[in-house]
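Asks:
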DNA sequence: TCATATAGTTGACTTAGGTCAACCATTTGG
DNA sequence: CCAAATGGTTGACCTAAGTCAACTATATGA
């Protein structure tokens, strides 16, 4: 009996589909057909824009229109017209609708709680789920330009600092490092990107304008579960594109030899190693790339 | 932005359901409605017994009956009556049906192949999937009594030996150890159990009759991804029950201090440490338990 | 300004998938 | 041997969910 990777993946698929089936019936258990429940849930999750919901659930116009109508009749949502575009409609959850959503969430969270509670190594289980989720949804990972002080950015930066603290021999203290000003990482000086997968931040990268004839790449980080999937490269390229858009022709960055995968990426992406160009105590490797 | 375990599990659920949705449409892409495809697949996977299939797919008698009829009309299966029970029916795949099943498997295997191929650490991804699958399907894990020379048993024993080889300082060589005769682990002398989860062996345990007034517990092993979920305990208890059924009143076993989790289990299950009772070169810990 | 595109609604229709009750044939237990 | 239980079949019926085409209302670009 040889157990091939495919056999293992098939078992995985069966295991999760039964679990998901259980979820479906719990949805049905609330006395609402699955389709309607999905729509309600999507409104809670993706916001009010009807066309966005339609795209996410991959539903027909007619079907969604009818589903929304029943939800409105049940007083779970209210439908309003877009102030900027009279053709578009928006679906808002009423308090009743929010409560209903909360119940659905509570139902599936209960399952999740049980799963974690009875597992001997919950942290390992979660890490495994993260790894699988990342692998399955690389294609749906999106880069967003945002303020480095926005919630997802702050989360990524926190994880980034924590990782440096773990990986540097003498730890890492942001206040000793040259922490870029948020303004330098916002247009027109620079930019900040966050990679989002289904609402969860999975990586970040900053482009910092310096006013010295070059811009810097700062704070490139990718969540452990998403590494090796090309996220760092995409973030880096997004920053380079943005630099070009801001008519910046030279990029520099500093990094540390304790992060070998970073140096590997920079080499692969056509960066050249240069001499130290700042007096930040942490970096010991310096790179430069001319943009054309 | 705090990312709670539940947020991560929700993301996992969404990631796998979209993947599974893609699978569904690939099924539908074969021009056959999902329900029919599921039935066909179940026949390939769970065998011919109609009532078994019904239980597995959780289908209504009438629904399944009709699905089987269309499959028979399409010449994908043949229906026969059970020779021992004239009420029961069996569904056999015709060559066409087998081909159709193979296509379905190929379709989903293609997905799986792609997933593995583009991942930087396929082995880590598989291990993560195993861990998740085991966690989700503990309840559906079944113990089977079987011949220690049967395929699943041989697989488990192979993994067991490989693990001892890794964990013992000086490796492990079966031929130097007292390898029990298969006959001693079969009724009426003893028994051998394998823990199966959805067709995959996840652990094993042998009860070896000695003819010396006691029986021995041998070859207790659990797959890494299923550890901590109580599988070893269930296997051990099954062996104990079987010993009682064979009117054996004393059990012994040997183990090694390089396997601390084993000793912990035996202590927890009411075994008492005793002096060496054999001259096997590998064990250095010996236990005994009187059955009442 | 007018043709065209877009967002959504509505009615008519289809299919999948399932329930329910009546039914037949067979097995099983007293 | 007969009553009850079991496994499966069948017809009548229902709902969820989606397609298609016609339609309204608004936006947009030449």
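Protein chains in written order, with my numbering: chain D, 21 to 312; chain U, 21 to 312. By construction, the Cβ of each residue, glycine as well, lies at the ideal position given by its N, Cα and C atoms. Source: prediction; values computed, not measured.
1) Classify residue 222 (chain U): buried if its beta carbon has 16 or more other beta carbons within 10 angstroms, exposed otherwise.
2) Is the Cβ of residue 318 (chain U) closer than 9 Å to any Cβ of chain D?
3) Tell me which residues share the same chain as residue 55 (chain D) and place their Cβ nearer than 7 Å to its Cβ, disregarding the 5 neighbours each side in the sequence.
4) Using a C-beta cutoff of 9 Å, does residue 73 (chain U) count as contacting chain D?
5) Give the interface partners of residue 145 (chain U) over in chain D, defined as CB-CB distance under 8 Å, in chain order.
6) Using C-beta distances below 8 Å, list every residue in its chain close to residue 90 (chain D), excluding the 5 sequence neighbours before and after it, in chain order.
7) Which parts of the region 79-167 of chain U are runs of the alpha helix (DSSP H), unbroken and 4 residues or longer, counting only runs that do not cross its ends?
8) Could you list which residues in chain U have their beta carbon closer than 9 Å to that of residue 27 (chain D), in chain order?
9) What is the rounded straight-line gap between the Cα of residue 101 (chain D) and the Cα of residue 67 (chain D)?
10) Chain D partners of residue 213 (chain U), CB-CB under 7 Å?
11) At what residues does the alpha helix (DSSP H) containing residue 70 (chain D) begin and finish?
12) Chain D partners of residue 35 (chain U), CB-CB under 9 Å?
13) Near residue 120 (chain D), what residues of its chain come up, given a Cβ to Cβ distance below 7 Å and the 5 sequence neighbours on each side ignored?
14) Classify residue 297 (chain D) as helix, strand or coil using the three-state DSSP reduction.
15) With the cut-off set at 9 Å, would you say residue 220 (chain D) and residue 23 (chain U) are in Cβ contact?
16) Consult DSSP for residue 249 (chain D) and reduce its assignment to one of helix, strand or coil.
17) When the cut-off is 9 Å and only beta carbons count, does residue 169 (chain D) lie next to chain U?
18) Short of 8 Å Cβ to Cβ, which residues in the region 174-203 of chain U face chain D?
19) Starting from residue 206 (chain U) and walking both ways along the alpha helix (DSSP H), at which residues does that stretch end?
20) Buried or exposed: residue 186 (chain U), going by 16 or more other Cβ atoms within 10 Å of its Cβ?
21) Where do the N-terminal and C-terminal ends of the beta strand (DSSP E) with residue 223 (chain U) fall, by residue?
22) Would you be able to state if there are at least three C-beta pairs under 8 Å between the region 168-183 of chain U and the region 268-275 of chain U?
23) Can you confirm whether residue 280 (chain D), when its beta carbon is compared against all beta carbons of chain U, has any partner nearer than 9 Å?
24) Taking the continuous alpha helix (DSSP H) assigned at residue 186 (chain D), which residues delimit it?
25) Please report whether the beta-carbon of residue 93 (chain D) lies at a distance below 9 Å from any beta-carbon of chain U.
26) Identify the continuous beta strand (DSSP E) that holds residue 62 (chain U) and give its terminal residues.
27) Check the Cβ-Cβ distances between residue 133 (chain U) and every residue of chain D, and say whether any is below 9 Å.
28) I want to verify the contact list: residues of chain U whose CB lies under 7 Å from the CB of residue 239 (chain D), in sequence order.
29) Going by Cα to Cα distance, which pick from U:300, U:228, U:290 is closest to residue 308 (chain U)?
30) Under 8 Å Cβ-Cβ, which residues of chain D neighbour residue 66 (chain U)?
31) How would you call residue 21 (chain D), buried or exposed, if buried means at least 16 neighbouring beta carbons within 10 angstroms?
32) Determine the contact status of residue 247 (chain U) and residue 281 (chain U), defining contact as a CB-CB distance below 9 Å.
Replies: With the given structure in hand:
1) Looking at its Cβ environment, which holds 16 or more other Cβ atoms inside 10 Å, residue 222 (chain U) is buried.
2) Residue 318 (chain U) is absent from the model: chain U starts at 21 and stops at 312.
3) Same-chain partners within the cutoff: 87.
4) No, because no Cβ of chain D sits closer than 9 Å to the Cβ of residue 73 (chain U).
5) Neighbours of residue 145 (chain U) across chain D, judged by C-beta separation under 8 Å: 151, 152, 155.
6) Close CB contacts of residue 90 (chain D) within its chain, under the 8 Å cut and outside five residues either way in sequence, are with 56 (chain order).
7) Runs of the alpha helix (DSSP H) lying entirely within the region 79-167 of chain U and spanning at least 4 residues, in chain order: 81-93, 115-137, 142-156.
8) By Cβ distance, chain U contributes 219, 220.
9) About 14 Å.
10) Within 7 Å of the CB of residue 213 (chain U), no CB atom of chain D is found; the nearest one sits about 16 Å away.
11) Boundaries of the alpha helix (DSSP H) harbouring residue 70 (chain D): 70-77, taken from the DSSP string.
12) Under the 9 Å cutoff, chain D gives 149, 152, 153, 154, 155, 156, 157, 160, 217, 218.
13) Excluding sequence neighbours, residue 120 (chain D) sits near 60, 96.
14) Correct three-state label for residue 297 (chain D): coil.
15) At a Cβ-Cβ threshold of 9 Å, residue 220 (chain D) and residue 23 (chain U) count as neighbours.
16) Correct three-state label for residue 249 (chain D): coil.
17) For residue 169 (chain D), the closest Cβ of chain U is not nearer than 9 Å.
18) Going along the region 174-203 of chain U in chain order, one finds 174, 175 with a Cβ nearer than 8 Å to chain D.
19) Premise fails: residue 206 (chain U) is in no alpha helix (DSSP H) and is neither H nor E.
20) In summary, residue 186 (chain U) is exposed, with fewer than 16 beta-carbon neighbours lying within 10 Å of its beta-carbon over all protein chains present.
21) Residue 223 (chain U): member of the beta strand (DSSP E) spanning 220-229, first to last residue.
22) No: the two stretches stay apart, fewer than three of their Cβ pairs being nearer than 8 Å.
23) Under the 9 Å criterion on CB atoms, residue 280 (chain D) is classed as non-interfacial with respect to chain U.
24) Per DSSP, residue 186 (chain D) belongs to the alpha helix (DSSP H) from 171-187.
25) No, its Cβ sits nowhere closer than 9 Å to a Cβ of chain U.
26) Going by DSSP, residue 62 (chain U) is part of no beta strand (DSSP E) but of the alpha helix (DSSP H) stretching over 54-66.
27) Cβ-Cβ to chain D under 9 Å: yes for residue 133 (chain U).
28) The contacting residues do not exist; residue 239 (chain D) stays about 16 Å from chain U at best.
29) Here the closest residue by C-alpha is U:290.
30) In chain order: nothing, as chain D lies at least about 11 Å away.
31) Exposed, by the Cβ-count rule.
32) Yes, these two residues count as a Cβ contact at 9 Å.
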